[in-house]
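Written out below as structure tokens is the structure these notes cover.
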Amino acid sequence: MLKAKVLGNEKLRKRLDEIAPLATKYAADEKLNIAQEAANLMADRAPISNGPTAGDYAASIEGDKISNRPQAKAMVGTQASKDPDAAGIFAGWIWHFLEFGTKPHNVAKGGGTVLGKKQTAANGARMHPGTKAQPHIFPTWRAMRAEAKKRINAAVLRGVKEAMKK
8 MLKAKVLGNE
18 KLRKRLDEIA
28 PLATKYAADE
38 KLNIAQEAAN
48 LMADRAPISN
58 GPTAGDYAAS
68 IEGDKISNRP
78 QAKAMVGTQA
88 SKDPDAAGIF
98 AGWIWHFLEF
108 GTKPHNVAKG
118 GGTVLGKKQT
128 AANGARMHPG
138 TKAQPHIFPT
148 WRAMRAEAKK
158 RINAAVLRGV
168 KEAMKK
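Following this note's numbering, the numbering of the sequence shown begins with 8 at its first residue and continues without gaps.
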């Protein structure tokens, strides 16, 4: 019979570093590679607008370590992480509007309030027609998540195997 003891992320990381120090390094490298690869795939699938800023949003999608961007908010993997090697996908602020779309809404000053709606209705409201959802972030991540887990596990295993040979 095989028994396992759950240690928690920090204790597991410390124990793994004692046994196989290269496992953490290989896993960190693989996490960053996966984030960059995912960002490139998402940028390829990102909607491109017509006009002077065409392609700016797609160019803003990048994969990086979360610790390198303390002020930025990651798109995928935004939960607070104690993992110093955690990686995420970062992009321009409009990603959420593109991914999920918007409903028709009043864009006049004060148009979102009851008084603003009455005033703009009397003066000819300026309505934004809304946008259709153009999912490109989460479908891409869902498609590669299982492979990403396999790659990280393989990197850890490679580090453990190297430690066992010594």
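Backbone N, C-alpha and C define an ideal beta-carbon position, used for all residues, glycine too.
Remember, it's a predicted structure, so these values are computed and weren't measured experimentally.
In angstroms, rounded to a whole number, what distance separates the CA positions of residue 45 and residue 111?
Numbered from 1 along the sequence shown, position 38 holds the residue referred to as residue 45. Numbered from 1 along the sequence shown, position 104 holds the residue referred to as residue 111. Rounded to whole angstroms, residue 45 to residue 111 spans 31 Å at the Cα level.
Measure the beta-carbon distance from residue 73 to residue 88 and round it to whole angstroms, keeping in mind my assumption that it falls under 8 Å.
By 1-based counting over the sequence shown, the position of residue 73 is 66. By 1-based counting over the sequence shown, the position of residue 88 is 81. Confirmed, about 6 Å.
How is the beta strand (DSSP E) around residue 71 delimited, first residue to last?
Here residue 71 is taken as the residue at index 64 of the sequence shown, counted from 1. That run of the beta strand (DSSP E) goes 69–72.
What's the gap between the Cα of residue 95 and the Cα of residue 138?
If you number the sequence shown from 1, residue 95 lands on position 88. If you number the sequence shown from 1, residue 138 lands on position 131. Linking residue 95 to residue 138 through their CA atoms gives a straight-line distance of about 26 Å.
Please say whether residue 97 and residue 115 have beta carbons closer to each other than 9 Å?
For the purposes of this step, residue 115 is identified with residue 108 of the sequence shown, where counting begins at 1. For the purposes of this step, residue 97 is identified with residue 90 of the sequence shown, where counting begins at 1. Cβ distance not < 9 Å, so residue 115 and residue 97 don't count as in contact.
Given a cut-off of 9 Å on the beta-carbon distance, is the pair residue 141 and residue 54 in contact?
In the sequence shown, counting from the first residue as 1, residue 141 sits at position 134. In the sequence shown, counting from the first residue as 1, residue 54 sits at position 47. Yes.
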